[in-house]
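In order, the protein sequence lines correspond to chains S and Y.
Going by my numbering, the first residue of the first sequence is number 22, and it counts up by one from there.
Going by my numbering, the first residue of the second sequence is number 4, and it counts up by one from there.
Virtual Cβ for every residue (Gly too), placed ideally from N, Cα, C.
Just so it is clear, the structure is predicted and the values come from calculations on it, not from any experiment.
One structure is given below, encoded as structure tokens.
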Amino acid sequence: MAGEVSKAAKPQLRGLLRSQIKRNIILAACVATAAAVAQKFLYNDERKKVYAEFYKTYDIEKSFNQIRNKGLFDSCEPDN
Amino acid sequence: MVGFGMNGMPFYVDRNDFPFPALRYKETTPEIQALYEKQKGNWKLLTKEEKNALYRANYCQTFAEFNAPTGEWMEIVGYGLILCSLGVGLFILMKLFVTTELPKSFKPSWVRAQMRRQIDLQVNPITGLSSNWDYEKNDWKVKTWNTPPNPFIKCPDDE
């Protein structure tokens, strides 16, 4: 009927909550640092690069005059 | 009582996690007692009917019997769907009798005019709306499934 049953590992019977809390704190700290590192390298640095690229070729006078000549400012008149 | 059972009390219950109840299911009759004596010896000498009789004397249902699906889930899903349809019905009644017309700023012509103004003002030119607009082509840079149509194209309902 029943064949050979493999022996299961003996579970930890004493101090389980303490060891679980220790393990969970270490795991949480590692996951949080991994998330922060990923955030910096995959998101923040990309964003800074995009902003730098934009401002390399941004002429604020030109865009100001574009918006002004469409009549969208209340304080400045268009050119005509 | 023949064992500890579920909690040490003399109850009979068919459960997966407490497979050996505290009581035998049926009262011990002289025939069953004879089988218990025979069972103390070699089990290979018991016939199939005797084994079945011993099982049914000690247990109400087999594991397959009491684990069998009952179809209770259909009743629960039915009640859940009835409640969902009541919610949908309430929404329909709200739309018909309670809510008034939307303000004019929801009209498509207004929304298009708003987007034209936003693009002209170059809002969010680095990562937002105007960063996706090509000012030379006067159209979106990349058209995907969720880009709105070009707001500068004249439509019949524009003033």
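Closest by CA to R18(Y), which one among Y39(Y), P106(Y), T65(Y)?
T65(Y) is the residue among Y39(Y), P106(Y), T65(Y) whose C-alpha sits nearest the C-alpha of R18(Y).
Counting C-beta neighbours from all protein chains within 10 Å, is the total for I47(S) 16 or more, i.e. buried, or is it exposed?
exposed
According to a CB-to-CB cut-off of less than 7 Å, which residues of the stretch 66-92 of chain S neighbour chain Y?
V71, Y72, F75, S84, I88, K91
Can you find the residues in the same chain that come closer than 7 Å, C-beta to C-beta, to R27(Y), ignoring five residues on each side of it along the sequence?
Cβ within range, chain order: V5, A60, N61.
In chain S, which residues lie less than 7 Å from L99(Y) when you measure between Cβ atoms?
Result: empty, since nearest Cβ-Cβ is about 42 Å, beyond 7 Å.
Chain S partners of I156(Y), CB-CB under 7 Å?
What I156(Y) touches in chain S: nothing, since even the nearest Cβ is about 18 Å away.
Ignore the nearest five residues each way along the sequence and tell me which others in N153(Y)'s own chain have a CB closer than 8 Å to its CB.
N141, D142, W143
Can you check which of these residues, I95(Y), Q42(Y), F14(Y), is closest to K29(Y) by C-alpha distance?
Measuring from the Cα of K29(Y), the nearest candidate turns out to be F14(Y).
Name the DSSP bridge partner or partners of D142(Y)?
D137(Y)
Going by other Cβ atoms of all chains shown within 10 Å of its Cβ, with 16 needed for buried, is R35(S) buried or exposed?
exposed
At 4 residues or longer, what runs of the alpha helix (DSSP H) sit wholly inside the stretch 87-135 of chain Y?
111-123
Are the CB atoms of L105(Y) and Q121(Y) nearer to each other than 7 Å?
no
Could you check where the alpha helix (DSSP H) with Y76(S) kicks off and where it finishes?
From DSSP, the alpha helix (DSSP H) with Y76(S) extends over 66-77.
DSSP state of L93(S), grouped into three classes?
When DSSP states are grouped into helix, strand and coil, L93(S) belongs to the coil group.
Would you kindly work out how many angstroms separate the C-alpha atoms of E98(S) and Y79(S), rounded to a whole number?
23 Å
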